[in-house]
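Contents: one structure, followed by commentary.
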Amino acid sequence: MSAAVTVRRGRVLAAGTAALVTGTAVVGALIGVGGPASTGAYAAPPATGVTQSDDAPLAGAANDSAAQVAPQLDTSPESVQRDETPLAVPSDSGSGRRVVFDMSDQHVWLVRDNGRAARSYPVSGSVYDNLDPGTYEVYSRSEQAYAFDGSGSMRFMVRFTQGDNAAIGFHDIPIDTEGRKVQTRAELGTAQSHGCIRQWPDDAKALWRFAPVGTTVVVTA
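Residue 349 in my numbering sits at position 192 of the sequence shown, and the numbers go up by one each step.
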């Protein structure tokens, strides 16, 4: 009698354990726990970055090819800190297709033939009084250029006049000899350079595409 009771109890315990395991598997299948990852699950996209660079007055071998530069997505924290409100094209900046640089506002406009701005953005011109208001013309371009004093390098140099020490033009924010940008994006809109006009890399690429040799450049006070 005792042996029969023991056997029946063993069978009941085994049956209960099997039921518990089966129930757990069913619940797991319903809520997705313990099973393989769903093939429809969302995977976060990899982070992207933007290579940047910085500036000073410069000289560099001319490269007048109209190279097309693919725009890059700007995902830097600074990209949401600037006031991007466009300013009106200066009324005293002439007519036709041109690049306009206003020294008071530290702002650039890329103006189409119809007089409308294709793009406008803050820049950093020279801290020195080395540029007179007037009409100029792009005469040389270099995709890579260097400061005349060896202090750094910059990209997308578009020259339109000559200063005391070197050419004056538009380029991206230069990089010093230790690989650091010489100013922040937040400082654009204020005079910071030693001769040229510094631009954020995306803006520098846009001007590079817009202004081949022969393009009119108008500087306003």
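By construction, the Cβ of each residue, glycine as well, lies at the ideal position given by its N, Cα and C atoms.
Span separating the alpha-carbon of residue i from that of residue j
i    : j    : result
F258 : R269 : 15 Å
N141 : N322 : Outside the shown range of the chain (158 to 378) lies residue 141, about which nothing can therefore be said.
Y285 : C353 : 10 Å
D359 : W266 : 14 Å
R312 : K362 : 9 Å
T334 : Y296 : 28 Å
F305 : S350 : 13 Å
S261 : V280 : 11 Å
Q301 : G307 : 14 Å
N271 : G253 : 6 Å
D221 : T292 : Low confidence applies to D221: its pLDDT is 37, below 50, so where it sits in the model is not reliable enough to give any reading.
V246 : Y303 : 31 Å
H328 : F317 : 12 Å
G309 : A275 : 30 Å
E294 : S250 : 14 Å
R337 : F367 : 27 Å
V339 : R273 : 32 Å
T341 : Q319 : 26 Å
According to DSSP, residues forming a beta bridge with residue i
i    : result
G352 : G352 is not bridged to any residue.
P279 : H264
K338 : I332
S297 : R316
G309 : D333
F258 : V265, V376
T292 : V375
F327 : V315, I354
A274 : V268
Residue i classed as buried or exposed, judged by whether at least 16 other C-beta atoms fall within 10 angstroms
i    : result
P243 : exposed
A324 : buried
R255 : buried
D289 : exposed
G282 : buried
T377 : buried
V375 : buried
G326 : buried
R298 : buried
Integer Cβ distance of residue i from residue j, believed to fall under 8 Å
i    : j    : result
V315 : W357 : That pair is no contact at about 15 Å.
R355 : I330 : 5 Å
H264 : S277 : 7 Å
Distance cut-off 7 Å: residue i Cβ against heavy atoms of the ligand NAP
i    : result
A361 : Absent from the structure shown: the ligand NAP. Ligands present: none.
Worksheet item: Can you find at least 3 beta carbon pairs, one from the stretch 341-349 and one from the stretch 367-374, that sit closer than 8 Å?
Response: no
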